[in-house]
Structure formats: structure tokens, C-alpha cells
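Take 275 as the starting number for the sequence shown in this note's numbering and just add one per residue.
Where is the CB? At the ideal position from N, CA and C, for every residue including glycine.
Taking it in order: structure first as C-alpha cells, then the write-up.
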Amino acid sequence: MQQSREESDLGLQLAGYGLTTANVLYYMPERPTLIQSFVWQFYDVAPDHPRLERFLDYWRREIDAAIHSVEIAHERLIKPSEWRLATFEGRLN
């Protein structure tokens, strides 16, 4: 499923996306002893993380900083057991 700007956060979560936090540790070639950090949060699908993979491919092609390591945390905020359709429509007195 391709994520678009029009999709809501709830729609993504119902489609199986979870909140992913990626901490990219990197260094500039001229300063290899200085490790810097870039933290990014977005919705992605575990365990393949296609959006993160596209971002890292872009980084490797277009950015002069070398990636040292990437730490990933992922959590589905709406789990299947927490979401169900209502079977009752009516009024309670």
C-alpha cells in the first residue's frame, strides 16, 4: 500500500501501519570521529519497513554523510484485538 498525503493517520493504522522511529547515526567524511544523530518518526509497515528503506536508499545516493548505524523502534498503535466493528445500532435508555 502506497502512503499518500490524503490518507489519515487512522486510515494508515487500520491498514497495518505502525509508528516507526528511526535514529540514524552518521558522520561526515571529513570528520569520521564525530557521530551525529538524525531522528525521524513516520508510519511504516514492519518488518520490511519499505518507507524507511526508500529513505535510506535516497540518503546513500544523495547525501554526503556516511551512515554509521540505524536504530529502529516500531509499534502498532491499533492492534487487531483493540479494533472491532459494532454489531449493535440502536438507542439505550
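Quick one: what's residue i bridged to in DSSP?
i	result
residue 345	297
residue 340	301
Hey, could you find the ends of the beta strand (DSSP E) residue i is sitting in?
i	result
residue 317	305-318
For residue i, which of helix, strand or coil comes out of DSSP?
i	result
residue 290	coil
residue 321	coil
residue 406	In this structure the chain extends from 275 to 367, so residue 406 is not present and cannot be described.
residue 283	helix
Would you kindly work out how many angstroms separate the C-alpha atoms of residue i and residue j, rounded to a whole number?
i	j	result
residue 329	residue 304	23 Å
residue 345	residue 301	15 Å
residue 311	residue 343	10 Å
residue 327	residue 320	11 Å
residue 308	residue 297	16 Å
Pick out whichever of the options has its Cα sitting closest to the Cα of residue i.
i	options	result
residue 324	285, 291, 287 and 335	291
residue 287	313, 306 and 318	318
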